[in-house]
Each structure stands twice: as C-alpha cells, then as structure tokens.
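Undergrad:
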Amino acid sequence: MLKILKYSFYDLIRSRWSYVYFLFYLILGFVLLFLNNDVSKAVITLMNVIIVLIPLIGTIFGVMYYYNSREFTELLLAQPINRTSIFMGQYLGVAGSLALSLILGLGIPFLLYGLLRSDAIFDFSLLLVTGAFLTFIFVGLSFVIAISNENKIKGFGYAVLLWLFLAVVYDGLFLMSLIVFEEYPLDTFSLVATMLNPIDLSRILILLKLDISALLGYTGAIFKKFFGTDIGFLVSMAILVCWTSLPLLVLGYKAKRKDF
Amino acid sequence: MTITIKDLHKQFGKNQVLKGVDLTIDKGQIYAILGPNGSGKTTLIKSILGMVLPDKGHITVLDKPIKKQWKYRKQIDYLPQIANFPPNIKVKELIHMIKDLRNSPSAEKELIDLFGLGPFLDKKLSTLSGGTKQKVNIVLTFMFDSPLLILDEPTTGLDPMALIRLKELILKEKSNGKTILITSHIMQFVEEMADQIVYLLEGDIYFKGTIPELKKQTGQTSFEHAIATLTTSENHAENTEI
Chain A
0 MLKILKYSFY DLIRSRWSYV YFLFYLILGF VLLFLNNDVS KAVITLMNVI IVLIPLIGTI
60 FGVMYYYNSR EFTELLLAQP INRTSIFMGQ YLGVAGSLAL SLILGLGIPF LLYGLLRSDA
120 IFDFSLLLVT GAFLTFIFVG LSFVIAISNE NKIKGFGYAV LLWLFLAVVY DGLFLMSLIV
180 FEEYPLDTFS LVATMLNPID LSRILILLKL DISALLGYTG AIFKKFFGTD IGFLVSMAIL
240 VCWTSLPLLV LGYKAKRKDF
Chain R
0 MTITIKDLHK QFGKNQVLKG VDLTIDKGQI YAILGPNGSG KTTLIKSILG MVLPDKGHIT
60 VLDKPIKKQW KYRKQIDYLP QIANFPPNIK VKELIHMIKD LRNSPSAEKE LIDLFGLGPF
120 LDKKLSTLSG GTKQKVNIVL TFMFDSPLLI LDEPTTGLDP MALIRLKELI LKEKSNGKTI
180 LITSHIMQFV EEMADQIVYL LEGDIYFKGT IPELKKQTGQ TSFEHAIATL TTSENHAENT
240 EI
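Protein chains in written order, with numbering that gives the first Met the number 0: chain A, 0 to 259; chain R, 0 to 241.
1) Please work out which residues of its chain come closer than 7 Å, Cβ to Cβ, to V62/A, disregarding the five sequence neighbours upstream and downstream, and give them in chain order.
2) Could you check how far apart the C-beta atoms of R101/R and Q78/A are, in whole angstroms? I think they sit under 8 Å.
3) Whole angstroms are fine: how far does the CA of N148/A sit from the CA of F60/A?
4) Using the rule of at least 16 other Cβ atoms within 10 Å of the residue's Cβ for burial, across every protein chain shown, is G12/R buried or exposed?
5) Express the C-alpha separation of D170/A and V179/A in angstroms, rounding to a whole number.
6) Along the chain, where does the beta strand (DSSP E) containing I75/R start, and where does it finish?
7) Using a Cβ distance threshold of 8 Å, determine whether the segment 99 to 111 of chain A contacts the segment 15 to 29 of chain A, with at least three qualifying pairs required.
8) So what's G139/A in DSSP terms, helix, strand or just coil?
9) Cβ of Q78/A less than 8 Å from any chain R Cβ?
10) Quick one: which chain R residues come within Cβ less than 7 Å of N81/A?
11) Taking all protein chains shown into account, decide if M194/A is buried (16 or more other Cβ within 10 angstroms of its Cβ) or exposed.
12) Return the chain-ordered list of same chain residues with a C-beta closer than 6 Å to the C-beta of S117/A, the five sequence neighbours on each side being excluded.
13) Whole angstroms are fine: how far does the CA of L162/R sit from the CA of L245/A?
14) Starting from Q95/R, trace the alpha helix (DSSP H) in both directions and tell me its first and last residue.
15) State yes or no: is the C-beta of V20/R within less than 8 Å of the C-beta of L7/R?
16) Any Cβ of chain R within less than 8 Å of the Cβ of E70/A?
17) Would you report the Cα separation of T1/R and L200/A, rounded to the nearest angstrom?
18) How would you list, in chain order, the residues of chain R whose beta-carbon sits under 8 Å from the beta-carbon of K253/A?
19) For the candidate residues L34/A, G130/A, K2/A, L248/A, whose alpha-carbon lies nearest to that of I49/A?
20) What are the start and end residues of the alpha helix (DSSP H) that includes G56/R?
21) Are the beta-carbon atoms of L61/R and V90/R separated by less than 8 Å?
22) According to DSSP, is S105/R helix, strand or coil?
23) Between which two residues does the beta strand (DSSP E) containing Y71/R stretch?
24) Who are the neighbours of D10/A on chain R, taking C-beta pairs under 9 Å?
25) Terminal residues of the continuous alpha helix (DSSP H) containing H224/R?
26) For F188/R versus K132/R, is the C-beta distance shorter than 8 Å?
27) Would you call the segment 106 to 118 of chain R and the segment 43 to 58 of chain R in contact, with 3 or more CB pairs under 8 Å?
28) Tell me the DSSP secondary structure of Y169/A in three-state form.
29) With burial defined as no fewer than 16 other Cβ atoms inside 10 Å of the residue's Cβ, what is the status of V51/R: buried or exposed?
30) Take T140/R and list the residues in its own chain whose beta-carbon comes closer than 6 Å to its own, dropping the five residues that flank it on each side.
31) Within 10 angstroms of the Cβ of D258/A, are there 16 or more other Cβ atoms? Answer buried if so, exposed if not.
32) In chain order, what are the residue ranges of uninterrupted alpha helix (DSSP H) at least 4 long that sit wholly in the segment 22 to 63 of chain A?
33) Ends of the beta strand (DSSP E) at A254/A?
34) Between which residues of its own chain and F173/A is the CB-CB distance below 6 Å, once the five residues before and five after are set aside?
35) Pick out whichever of T220/R, N136/R, I149/R, M142/R has its Cα sitting closest to the Cα of G156/R.
36) Run through the DSSP bridge pairs and tell me what L200/R is partnered with.
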C-alpha cells in the first residue's frame, strides 16, 4: 500500500492542479493577512472560504483522479497486490496531497506574519485540522461515488450533488425545520443535526473557538455549552473521525466485490 | 496442471457471459483462446487473474484455489488488451515502478534492446504511438520470470519486425517450460504458435484440442476455414472476429 501511496502522491504532486491549489491558498493567506492586518479576523474569513471550498475541491479531485487512473488501476489489479491496498493507497495519495497543499499554502503566510507570537495559534491550528479532516472525508466520499458508478458523467453528477446537499441544501432544510418547529424545544435537535453534517460541524467547531460566538445568541449559548467544553470538543473530533472512516469502510467493501 | 477451472459462471447484469466453463491448462504448452466477440474470452482471462469475481465455480492456479487470494498473481505475467498507461510518467519510470511493485528480479534491459525502445525511455507515455505503447506493454510483461504468461491480443499494432521478435520471445519462454495463454484475432499467428485451441462460444467451451484435430473434426484443410466452420455450424451469422 505504501508503494501505491508513494506513486499516487508523486504523480499528484507533479500535476499542475496541485500547484494551482497550493498557490491559491498561498495567495489567499497573504491577501487576507495584509488586508485584515489581524490573524483572528483572517481566520474567520478563511474559515468561510475553506469550509465550502475544501469539500468541493475534495469531491471533484477525488472523482477525477479515480476515473483518470482507471486503466492504470486495472494494470495494478493484475499485479500481486491486494485490492484494498490499491484503493487505499490511491485514496491516501489524493487526500494527502490536497491536505498538504492546504497546510503549506495557508501555513507559510501565517508563519511569515508571525503566527507563533500571536495567541490565535490554537484557532489557526484548529482551522487546519478541520480542513484536513474535511479533505479526507470528501475525497473518501468521492471515491465511494466513483467506484459505484462506471459512468463518468453520473459519477461527477452525484459528487457535485453530494457537495451541494451538504454545503448548501442541508443548511436550508435545517433552518426551515427550525422555523417550522419553533414552538418545540429544539436544543438537542439542532445539536444532533449539526453533528450529522461534517461541514456544519467544522464550522461550529471553529466559530465557537473565536470571540464572535458571543453574537450567536441563545442557541449559541447552548452550542458553546456543548462544543466549548473538552468533552464536546472530543465528541466532535470523534464524529469527524467517524465521518472519515465510514467512506473508507464502504470503499473497502465495494473494492473487494467489484469486477474490473 | 497449471490451471483448472470448474463450472465457471459469470453474469454481468442480465448478460450471462460464462455458462459453466470447465477447462484444464497443462504445463509447458501454448493455448490459444478463441471465439467470436462477446464469447467471454476476456472475462475468462480476468477470472483467472482475479479481476473478475465469478458468480459460481472454482479456479485453481498452480494447484491452489485463488478465491480471495492475491499472492498467486506473482506467478502470472499478464499483458492487458488495451494498454492505457498513466500519461504523466516516463517509460523508464513506469518500468521502474512495476519492478518496484512486484519486487522480483527482472530482465528489462535485453527486452528494451530487442524492441528498440532505448530512444523512448525518457519520453512520456502519452506521446508514444500505439505500437510503441504495445512494445512497452510487452516489455513490462516479459521482464519477469513467472511460470504462467497470459497475453491478451499481443500482436495489436506491432510492425512485422516486432512481431517476429515477439514470436521468438514466446517460443523461447515455451522452451523454458512456461505455460502460455494467448487470445488473438490473427489466425496465422495462432496457427504458428498454438499447441492447443480452446474455442469459446456463447459462454461455453465449444471445442478444445490441437489444430490437426480441429481440421479433422470440421473436415477443412485450412485452419482459418476450420475456425470459420466452427462458428457457422452453430448458425452464428453475426460478425465473427476471426
């Protein structure tokens, strides 16, 4: 598996898109820092950008990589290599190179700006950690979609729909249900609903570490009470880990039963 | 016996591709697997390689069942039908990579010289012509020393010189005691190379035997006509790929 990972990773690191992705974050980081002149504010803006962008890039990249390397995968399948290793290696290669672009692209400008001397270092690390989690989650989901659909167009369609649902539609439904059922106690409901969507979970997790959580009002107070504590934080991290491993289990299951 | 296949069934959706194939492949011979389009040749080969998982049936390679196994593939060198390699890497890197993945001794140097691939080693795979890609494909297959060779359409795109080299190579491997499975549409090539003919028709083995036996059974003097007779005797009017 490590060998497959190595080759997928090298292949991707050399592709133009990894550089574009890396440069995008690099420029974003520099621009935000010098426009805001404040690490904390830059973290908030960054959060809004990456919480939507990472899942999108992760799904599109994952699906694209899977379909583009299909013939090569067949070549590998005829070699004495375990099937699971082939797919896990490719998955880790894609997710790893994307996560690396993110961490380096954002890390470099912030380090240069003097992050280490700032007290926002924890918020910033949290941003990178959740960003990396989102990358792994969405590349995993996109691999599951791609392996289940022989048809490229369908695969791309489902991947984009998945992103659209989790990034946009889910929030809409969530808000609508809050309004429709506003006469009922919704504390637990909103907590659970947030947990079930990795994008929402990451957003809340970062927001609550920042000062602006005071603006969230009563609901914010409940969230703060839960996510703000160590247990809440650990539970959220555990859920992100679940979200990461679930697609991998499905991917392993599908890979073992597929004909090539 | 190198390979035994018992009662192999495979269905893709509603399309029943293999309907109970029974086959034994003996050591040290060249087998040609023939049949019209969609007769299940590639599915049969991929089942042996474990790329296609049979619905029913039993396959052993070198006396070991292959179900849920992968290490046995170390004993097989496979030449895939359409060689589509990752476009971004160089020929040299691809050879190095497959060597690294298989982790067995390899003799790629002589093969590169034999097929005149030296000038292409530093070129990216996407820039190669079809025939050159096939030569790379052949090098990747023959550079390891495995007891079993499976060649799916090995002649595709090769120029006459390379074809002669390929034939010599196959005969050399045979004299080393290797077992070789070939599918091909070029009857002349099959007639020259094969010891045994396995003819698949509609997912089952319709004929198995040597070329003289085939000629005798069909009453034809030429091999090409004998195969054609096999196909038409079943009223197989559609386009046969032989």
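Note that CB positions come from ideal geometry on N, CA and C, so glycine has one too.
TA: For this structure:
1) Beyond the five residues adjoining it in sequence on each side, V62/A comes within less than 7 Å, by CB distance, of S141, I144, A145, G154, F155, A158 in the same chain, given in chain order.
2) For R101/R against Q78/A, the beta-carbon gap comes to about 6 Å, under 8 Å, which counts as contact.
3) 16 Å
4) Using a 10 angstroms sphere on the CB of G12/R, the tally of other CB atoms stays under 16, which defines it as exposed.
5) 14 Å
6) 75 to 78
7) yes
8) helix
9) yes
10) W69
11) With 16 or more other CB atoms across the displayed protein chains lying within 10 angstroms of its CB, M194/A is buried.
12) Excluding sequence neighbours, S117/A sits near V38.
13) 50 Å
14) Gln is not the amino acid found at residue 95/R; the sequence shown has His there. That run of the alpha helix (DSSP H) goes 90 to 101.
15) yes
16) yes
17) 56 Å
18) By Cβ distance, chain R contributes nothing, its closest Cβ being about 12 Å from K253/A, past 8 Å.
19) G130/A
20) Taken as a continuous stretch (DSSP letters only), G56/R belongs to no alpha helix (DSSP H), being part of the beta strand (DSSP E) at 55 to 60.
21) no
22) strand
23) That residue, Y71/R, is in no beta strand (DSSP E); it is neither H nor E in DSSP.
24) P85, N87, I88
25) First-last of the alpha helix (DSSP H) with H224/R: 222 to 231.
26) no
27) no
28) helix
29) Answer is buried; the Cβ neighbour count reaches 16.
30) Only D76, L78 meet the Cβ criterion.
31) exposed
32) none
33) Counting along the chain, A254/A falls outside any beta strand (DSSP E), though it belongs to the alpha helix (DSSP H) covering 229 to 256.
34) Only A192 meet the Cβ criterion.
35) N136/R
36) D203/R
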